[in-house]
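All remarks here apply to the structure that follows.
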Amino acid sequence: MKEIKKISTGAPWEDIVGYSRAIKIGDVIEISGTTAKGANEYEQTLAIIKIAEKALKEFGADLSNVIRTRMYCTDISQWEEIGKAHGEFFSKTRPVTTMVEVSKLISPDILVEIEFSAIL
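Every letter in the sequence shown is one number past the one before it in the numbering used here, and letter 104, counting from 1, is 332.
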């Protein structure tokens, strides 16, 4: 059985919901749905990717190791702003991705949530 390593960021929801920010099993890294504060979708997306980048570094990885992102947004008409921010980090590595609109996220202030999968 492969060793499982977990990262917690201390966010209050981690204890309430019972989840880890990220888990590494062998060469696979999975990062939970991540949100961030920001005035709009573009700013939130940038901040989310930076949070994921920090988690990846704790496992000896970086954004170039990301093979998939799953983006959830509350207003799909803002897809270009979300996509622009995503592209600032991933335009060269181009992981597979999904972007879908959801009716709401955990807080009305949260407009975007992203999950990440990476391989070392």
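Idealized CB from N, CA, C, for every residue including glycine. It should be emphasised that the depicted structure is a prediction, and the values quoted were computed from it without experimental measurement.
Burial state of residue i, where buried means 16 or more other Cβ atoms lie within 10 Å
i: K252; result: buried
i: I279; result: buried
i: T297; result: buried
i: V324; result: exposed
i: A283; result: buried
i: E341; result: buried
i: T273; result: buried
Contacts around residue i, its chain only, beta-carbon distance under 6 Å, and the 5 residues preceding and following it disregarded
i: Y270; result: E309, A313
i: F344; result: I259, A280, V294, T297
i: I277; result: F317
Euclidean distance between Cα positions of residue i and residue j
i: T263; j: T321; result: 22 Å
i: D290; j: L348; result: 9 Å
i: K233; j: I334; result: 26 Å
i: K332; j: D303; result: 9 Å
i: A250; j: E231; result: 14 Å
i: D337; j: G254; result: 36 Å
Close beta carbons around residue i, own chain, < 7 Å, minus the five adjacent residues each side
i: V328; result: Y300
Beta bridge counterpart(s) of residue i as assigned by DSSP
i: A250; result: I235, I259
i: T297; result: T325, F344
### Task
Report yes or no: do the stretch 246 to 258 and the stretch 297 to 316 share at least 3 C-beta pairs separated by less than 8 Å?
The stretch 246 to 258 vs the stretch 297 to 316: no contact.
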